[in-house]
Structures are given as structure tokens and as C-alpha cells.
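Residue numbers (this note's numbering): 60 to 421. Below is one structure, written out as C-alpha cells; comments come after it.
Here it is, written out as C-alpha cells:
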């Protein structure tokens with residue numbers, strides 16, 4: 060038996076198929092993964108993401124600590140209350156320990172890291188914190204619900220207080236602000252507009268049921284994965300891990316190289332890689348004929364003996380054919396071959412984003 064969120068029995072009562080995910084018992088789907096996926100793309104859907112790890116960084120060295128810990132620079136967000144920043148947390152060799160979001164909380168910061176890497180993340184964060192005047196506080200008292208889709212914000216506003224509704228109206232994309240014991244952010248992992256709301260554990264069941272009552276269906280991990288893959292969003296352990304550079308994971312845009320004298324963990328390694336020219340990059344693949352690309356399939360590129368690898372692959376419910384993300388040699392052109400059960404299948408190479416805000420990009 061794994062860890063359970065406060066919504067565990069609610070998932071059971073709603074017919075959720077529960078599976079292990081990063082040590083947590085979480086719903087894979089509630090009947091139809093494709094229906095849940097399409098609900099989010101076309102209307103709205105809600106996800107229990109309470110398994111994510113929320114860590115508040117408090118203390119006089121909070122900013123300096125995060126400037127050293129993260130490849131991105133929190134000074135980018137310090138002038139805007141609630142502004143969010145996406146960053147990799149690197150090891151000294153330039154590999155990605157985890158990717159995370161950090162929010163500016165006016166004098167302190169809130170971070171959200173992955174559940175599957177919780178123990179190693181907290182150990183690493185605590186080790187680095189020993190050299191700074193900071194306190195790391197894991198917020199196990201908070202649940203988190205993601206409401207995503209074109210109707211998500213309006214439906215959420217219809218069931219919350221007027222103060223919370225007004226706060227939602229004030230939020231810009233990639234911003235989160237507190238309202239009482241709640242924290243409401245205009246963020247997500249689906250490629251659609253929506254909200255991620257942290258609230259006390261004792262309030263989340265009523266909130267979840269209220270959303271269901273106004274027509275927001277529950278969605279599971281399976282739809283969350285196809286949605287994030289269509290949106291070209293990385294998944295830890297697939298597009299990146301401790302041995303993968305952010306430059307090879309389409310995360311170069313998250314590295315704050317300036318100011319040049321800011322020393323962050325992993326800087327020397329990825330700066331050297333950047334100067335030498337990375338050998339691999341993350342690309343999108345599409346296969347319009349029958350068949351579904353899957354993780355770990357080998358990618359071959361004409362003109363080089365270097366092999367790439369499919370990092371995530373699926374059938375795209377929105378597009379109607381298979382899509383994938385792949386770490387491929389930088390020399391890759393507009394097409395490549397993927398080894399699918401011993402057959403070399405020709406596929407098209409595109410930018411690693413397929414759908415955003417319900418619209419195909421390929």
C-alpha cells in the first residue's frame with residue numbers, strides 16, 4: 060500500500076482505478092482516459108495533485124539560497140507578488156535532479172517538486188540549505204487540485220467565495236496568490252488555461268465535490284500524461300533525470316546565464332557543454348500512419364551513427380495519431396527512423412510541442 064491523499068476514498072467512490080504512482084495510490088482514470096482527455100481540451104476537468112511536494116523556503120537567505128540551488132534566477136520574479144518561475148535543480152555534473160516551480164511570496168518562496176523524487180529532493184535541498192540561513196518547511200497540511208480547460212476558471216469561480224473569485228480574476232498566467240489559507244495559482248500541466256489550488260486537507264473533499272456538482276469531471280493520471288505530452292511538457296524520469304543535461308531536455312530557456320558571476324550548482328558543467336555544442340536535443344516526432352511510438356524505442360538519424368531515444372510516446376486523442384518526444388542527435392533533420400518492434404518506421408520531426416489551448420500546432 061502506498062501513500063494516500065485526502066481524496067483517496069473519494070476517488071474510490073467515484074470509480075477511480077487506483078494505481079501506484081511514485082509511491083502514492085492515485086487514480087489512473089475513472090472509466091475512459093480518452094473521454095477525460097477530451098473533457099479537458101474541450102471544457103474542463105479536475106485532477107488530484109496532492110501527491111506533489113510543497114516546500115516553503117523561509118529565512119533571510121531564502122533568495123541567495125535559491126539563486127545557488129536553481130539554474131533559473133529568482134530575481135526574475137521578486138518584483139511581482141506571486142509570480143512563478145520554472146527551473147531545473149541541477150547536480151554538480153549538470154544533470155537534472157528535478158524540475159520545479161517556485162513562487163515569489165514576498166520575502167519568502169514556495170516551491171513545488173515532484174512526488175516521485177520527494178526523498179532525494181528534500182535531502183539535496185536540506186544539504187545545500189545547511190550553508191544558508193533558511194528554513195525548509197514541507198506543507199503536508201495542504202492538498203492540491205488542478206482544474207484545467209477552457210471552462211475551468213469560470214466553473215471554479217462559480218463555487219468559491221467572492222473574495223476568491225476576485226483574486227482569480229486578478230491572476231495573470233504563471234502567477235499564484237494566497238487568499239486566507241488557500242493558495243490559488245494560474246498554472247497547470249495540460250497546455251490549457253486553468254488553476255492549481257492548494258488548500259487545507261480538511262477542506263479538499265468538499266471543494267472536489269462542489270466542482271463535480273457544477274460539471275467538472277474527475278480525471279486521472281493517464282489523461283494528465285497524454286495532455287502534458289501533447290503540450291510538449293517534460294516528465295521527470297523520461298525527458299530528464301540526474302544524467303540528462305537541461306540543454307538536452309529542451310530546458311535551455313530556463314537557465315539564467317546572466318549575471319555571469321552568479322554561481323549556481325551545475326553551472327560549470329552545462330556552460331562547458333554549451334560552449335562545446337550539445338550533442339543531443341529534444342525533438343517532437345509524429346507518426347500519421349498506424350502504430351504508436353513508445354518510450355525507449357531507438358531513434359536513427361541519417362548521416363550519423365549516434366542513436367537517439369524516444370523519451371515519451373503515446374496516441375494523441377486530439378490529433379488522432381501517435382506523437383512522441385525524443386532525445387536525438389543535434390544533426391537530426393525533418394525525418395528520422397524509429398525502431399518499432401524491429402521495423403524501421405519513418406517519422407516526421409517537429410518542434411517538441413503539439414497542441415496548446417486546444418489547437419494543433421503540427
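All residues carry an ideal CB built from backbone N, CA and C; glycine is no exception.
Taking the Cβ atoms as the reference, residue 171 lies roughly 14 angstroms from residue 107, outside the contact range of under 8 angstroms. Just so you know, the alpha carbons of residue 150 and residue 326 end up roughly 9 angstroms apart. Restricting attention to alpha helix (DSSP H) runs no shorter than 4 residues, the segment 169-221 encloses them at 177-188, 211-216, ordered along the chain. Ranked by Cα distance from residue 400, the options 350, 410, 62 are led by 350.
The beta carbon of residue 119 lies closer than 6 angstroms to those of 192 in the same chain, with the five residues before and after it left out. The Cβ atoms of residue 406 and residue 394 sit closer than 8 angstroms to each other. Per DSSP, the continuous beta strand (DSSP E) segment holding residue 386 begins and ends at 381-388. Annotation for residue 226: 236, 238, 243 place their beta carbon closer than 8 angstroms to its own, counting only its chain and skipping 5 residues before and after.
Residue 218 is not a Cβ neighbour of residue 253, given a cutoff of 8 angstroms.
Only residues of its own chain outside the window of five on either side were considered, and among them 281, 282 have a CB closer than 6 angstroms to the CB of residue 92, listed in chain order. Rounded to the nearest whole angstrom, the C-alpha separation of residue 336 and residue 389 is 9 angstroms.
In this chain, residue 316 is not harboured by any beta strand (DSSP E), its DSSP state being neither H nor E. For the pair residue 411 and residue 342, the Cα-to-Cα distance works out to about 5 angstroms. Within its own chain, the residues whose Cβ lies closer than 8 angstroms to the Cβ of residue 286, once the five positions on either side in sequence are excluded, are 96, 99, 100, 207, 248, 249, 250, 251, listed in chain order. Contiguous alpha helix (DSSP H) elements confined to the segment 322-351 occur at 326-335, taking only those with 4 or more residues.
Burial state of residue 356 is buried, judged by a 10 Å Cβ sphere holding 16 or more other Cβ atoms. Put simply, of 154, 378, 330, 370 the residue whose alpha carbon is nearest the alpha carbon of residue 298 is 370. In this structure, residue 124 sits near residue 188, with a CB-CB distance shorter than 8 angstroms.
Distance from the CA of residue 421 to the CA of residue 195, rounded to the nearest whole angstrom, comes to 43 angstroms. Look at the beta carbons and you see the segment 165-181 not touching the segment 261-269: under three pairs across the two are nearer than 8 angstroms. The three-state reading of DSSP puts residue 283 in helix, counting H, G and I together.
For residue 354, same chain residues with a beta-carbon under 7 angstroms away, outside a window of 5 residues either side, are 297, 369, 370, 371, 372 in chain order.
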